[in-house]
Ligand SMILES: CC(C)(COP(=O)(O)OP(=O)(O)OC[C@H]1O[C@@H](n2cnc3c(N)ncnc32)[C@H](O)[C@@H]1OP(=O)(O)O)[C@@H](O)C(=O)NCCC(=O)NCCS
């Protein structure tokens with residue numbers, strides 16, 4: 045049984061190095077999420093592979109999703125908004141986990157041959173570790189499987205770090221919506237990428 049943070053650190057390191065699966069501690073100690081992600085983040089610059097596990101999320105993840113939204117998004121999605129979103133048959137949510145902890149997610153909807161990303165967030169502890177990129181890549185891998193050709197989204201003109209991420213993934217500007225964000229009347233840039241181009245350019249394997 046794990047009792048101290050040192051024990052937890054050891055278990056986490058072992059799980060990263062040996063199995064890349066979370067240690068068998070349940071439940072984790074208080075503030076474990078921050079601590080787990082802190083340990084994960086400390087690997088950021090190391091030689092070890094920090095690839096998160098990405099999988100589709102269901103309604104069971106809503107409490108975690110809303111907690112992250114409240115803490116880290118300027119206009120957070122509510123529990124009801126997530127519930128309504130999960131109820132849409134064309135909506136998908138993928139989550140990224142590291143050491144078992146949800147550390148990022150992407151929500152998108154498919155409309156015939158185009159998908160639209162509605163929400164993307166990575167918790168601050170592990171930003172700039174490539175998780176946002178992995179979530180976009182996984183989204184496009186899923187879209188490619190169902191022959192969706194395009195992926196688009198809106199981003200605030202002031203959100204330069206997100207724009208950098210999208211640019212790196214091959215998105216390009218196709219328009220602007222004036223005053224799209226009602227709380228501060230900010231414009232949105234409309235960005236779009238060809239799913240096939242993203243798959244080819246980033247060398248993403250698919251089956
Ligand atoms: C935008 C966001 C999802 C990026 O996630 P992330 O996991 O940090 O992104 P990545 O590590 O994959 O970064 C990929 C690239 O994006 C760019 N980027 C990301 N964060 C950056 C920053 N703070 N400053 C400059 N460039 C940045 C870089 O080009 C980076 O590549 P590099 O690290 O090789 O230079 C994250 O910052 C976030 O959740 N922000 C708050 C919510 C939000 O803005 N969502 C987008 C709404 S449209």
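Numbering (the working numbering), first residue to last: 45 to 251. Where is the CB? At the ideal position from N, CA and C, for every residue including glycine.
Item to complete: Measure the beta-carbon distance from residue 182 to residue 239 and round it to whole angstroms, keeping in mind my assumption that it falls under 8 Å.
Response: With 8 Å as the limit, residue 182 and residue 239 do not qualify as a contact, their Cβ atoms being about 12 Å apart.
Fill in: Coil, strand or helix - residue 66 by DSSP
Here the model assigns residue 66 a pLDDT of 42, short of 50, so the residue's position is not dependable and the matter cannot be decided.
Practice prompt. Enumerate in chain order the residues of its own chain whose CB-to-CB distance from residue 114 is below 8 Å, with the five nearest sequence positions on each side excluded.
Written response: 120
Practice prompt. Output yes or no for whether 8 Å exceeds the beta carbon distance between residue 189 and residue 250.
Written response: yes
Worksheet entry | Distance, residue 130 Cα to residue 217 Cα | 28 Å
Practice prompt. Just mark residue 168 as buried or exposed, buried being the case when its beta carbon has 16 or more other beta carbons within 10 Å.
Written response: exposed
Worksheet item: Which residues share a DSSP beta bridge with residue 146?
Response: When DSSP reads this structure, residue 146 sits in a beta bridge with 141.
Worksheet item: Which ranges would you report for the alpha helix (DSSP H) in the stretch 181-238 if only whole runs of at least 4 residues count?
Response: 204-212
Practice prompt. Please report the residue range of the beta strand (DSSP E) in which residue 162 lies.
Written response: 158-166
Discussion item. Excluding the 5 residues flanking residue 106 on each side, which residues of the same chain have their C-beta closer than 8 Å to its C-beta?
Written reply: 123, 126, 127, 130
Discussion item. Do residue 95 and residue 166 count as a contact pair if the criterion is CB distance below 8 Å?
Written reply: no
Worksheet entry | Bridge partner(s) assigned by DSSP for residue 153 | 135, 160
Worksheet item: Can you find a C-beta in chain C that's less than 8 Å from the C-beta of residue 102?
Response: Going by chain labels, chain C is absent from the structure shown, which holds only one protein chain.
Fill in: Rounded separation between residue 154 and residue 196 - CA only
Their backbone Cα atoms lie some 10 Å apart in a straight line.
Worksheet item: Cβ of residue 192 within 8 Å of Cβ of residue 232?
Response: no
Item to complete: To the nearest angstrom, report how far apart residue 215 and residue 236 are at their CA atoms.
Response: 5 Å
Discussion item. Does the distance between the C-beta of residue 139 and the nearest non-hydrogen atom of ligand 1 fall short of 7 Å?
Written reply: no
Fill in: Limits of the unbroken beta strand (DSSP E) element including residue 99
97-100
Discussion item. Considering only their Cβ atoms, is the gap separating residue 136 from residue 108 smaller than 8 Å?
Written reply: no
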